[in-house]
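Comments concern the structure below.
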Amino acid sequence: MVWQQGHQLKNGDYTIESILGSGGFGDTYKAIKHSPDGEEIVAIKALNSEFLNKNDLSKHEERFVQEAFNLLRCSHPHVVRVFNVFKAEDLWCMEMEFIRGKDLHYQVIDHGIFSEESALEYIQQLGDALNYVHQQGFLHRDVKPKNVLICNRNNKAILIDFGLAREFVQDLAKIHTTSTSQGYSPIEQYEQNAKRGAYTDVYAIAATLYYMLTGKIPLPALYREQGAPLKEPIFHNPDISNWVNNAIMTGMELFPEDRPQTMKEWLALLGLKIIDSQNNSRISLQIEKEKYYMIQKNI
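Going by the working numbering, the first residue of the sequence shown is number 3, and it counts up by one from there.
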């Protein structure tokens with residue numbers, strides 16, 4: 003079941019405009035929210051109706067609601083905002099901000115690969131968001147170009163789709179689902195019971211940068227474990243700086259212990275620095291390009 007244009011939810015509080023995307027877990031719609039203050043465009047994500055007839059419905063509902071509440075406790079300019087969680091026609095739904103823009107995957111398809119400088123600006127924003135998410139005690143686990151929207155209004159990167167997000171304790175082995183995104187998921191996500199940490203998202207953001215600068219999806223970690231080599235991004239794009247190439251490869255080391263253990267450590271390889279604000283409610287990133295370029299030049 004897919005809701006059609008004009009379909010109303012929650013006693014007319016929302017009117018469906020169109021479907022934005024559909025996946026195995028949920029459908030996302032553009033909708034009009036009606037309130038005493040007027041009307042506004044929002045996004046509604048609903049649990050896929052096919053789960054209603056499955057024996058494990060409660061598991062999927064729990065996963066969906068967990069995603070919503072993970073996002074509700076986040077307040078960050080580069081993380082999609084959730085405003086409300088409700089049930090409509092027996093389906094759990096979340097009301098989110100509507101972002102006009104394209105994801106990084108289609109940005110590359112439509113406009114070609116990013117310049118190094120432009121790519122690092124977006125990675126700066128994503129690294130900021132992920133560092134914040136990790137401070138809240140959970141991993142995204144599905145960072146990839148299709149889960150990063152570039153907002154038309156302000157040209158900022160917004161991290162979306164927290165459907166696989168899970169709470170974690172650094173280096174503690176826990177049983178998690180084995181959902182993966184080929185090319186972007188690290189080797190530990192192919193196992194149910196494996197140690198996970200911030201380095202899990204480090205792999206994915208490094209792989210995302212690989213794609214942004216080359217237009218190539220990296221070789222999946224499972225094939226690498228079997229002996230197939232990962233080509234360095236500079237092989238596909240000789241204009242990539244050596245230090246950026248090395249930072250990507252270090253972030254994508256096959257085994258977790260060989261990667262930078264935190265987002266802060268990996269960002270430092272790119273000349274990006276995380277600075278704690280006084281109230282600790284926001285982490286800001288700054289790039290000290292001239293200083294960093296001079297250091298690299300003299301190495």
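The beta carbon of each residue, even a glycine, is placed where N, CA and C say it ideally should be.
In this text the structure is predicted, and so the values were computed from the model without any measurement.
Query: Proximity test, Cβ basis, 8 Å: residue 199 and chain B; Result: The structure shown contains no chain B; it holds only a single protein chain.
Query: Supposed close pair residue 161, residue 80 - CB separation, criterion 8 Å; Result: 6 Å
Query: N-terminal and C-terminal residue of the alpha helix (DSSP H) that residue 230 is part of; Result: It is not in any alpha helix (DSSP H) - residue 230 carries neither H nor E in the DSSP assignment.
Query: Which of helix, strand or coil DSSP assigns to residue 151; Result: strand
Query: At least three beta-carbon pairs within less than 8 Å, the segment 199-212 to the segment 249-268; Result: yes
Query: Exposed unless 16 or more other CB atoms sit within 10 angstroms - verdict on residue 8; Result: exposed
Query: Nearest candidate by alpha-carbon position, reference residue 120, set 270, 232, 21, 246; Result: 246
Query: Spatially closest choice to residue 106 from 231, 135, 147, by CA coordinates; Result: 147
Query: Which of helix, strand or coil DSSP assigns to residue 39; Result: coil
Query: Completely contained beta strand (DSSP E) runs for the segment 28-81, where each covers 3 or more residues; Result: 28-37, 40-49
Query: Which of helix, strand or coil DSSP assigns to residue 186; Result: coil
Query: Whole runs of the alpha helix (DSSP H) within the segment 92-132, excluding any shorter than 4 residues; Result: 106-113
Query: Per-residue DSSP class, three states only, for residue 11; Result: strand
Query: According to DSSP, residues forming a beta bridge with residue 17; Result: 10, 34
Query: Closest residue to residue 86 among 78, 101, 69 (Cα-Cα distance); Result: 69
Query: Nonlocal neighbours in the same chain, by C-beta distance under 6 Å from residue 268, ignoring five residues either side; Result: 204, 253, 262
Query: Helix, strand or coil at residue 253 [DSSP, three-state]; Result: helix
Query: Touching by the beta-carbon criterion (3+ pairs, under 8 Å), the segment 203-217 and the segment 225-240; Result: yes
Query: With 16 other Cβ atoms within 10 Å as the buried cut-off, status of residue 163; Result: buried
Query: Where the beta strand (DSSP E) containing residue 160 begins and where it ends; Result: 159-161
Query: Between the CA atoms of residue 230 and residue 55 - distance to the nearest angstrom; Result: 41 Å
Query: For residue 124 and residue 158, the rounded distance between their alpha carbons; Result: 7 Å
Query: C-alpha gap between residue 76 and residue 48, whole angstroms; Result: 20 Å
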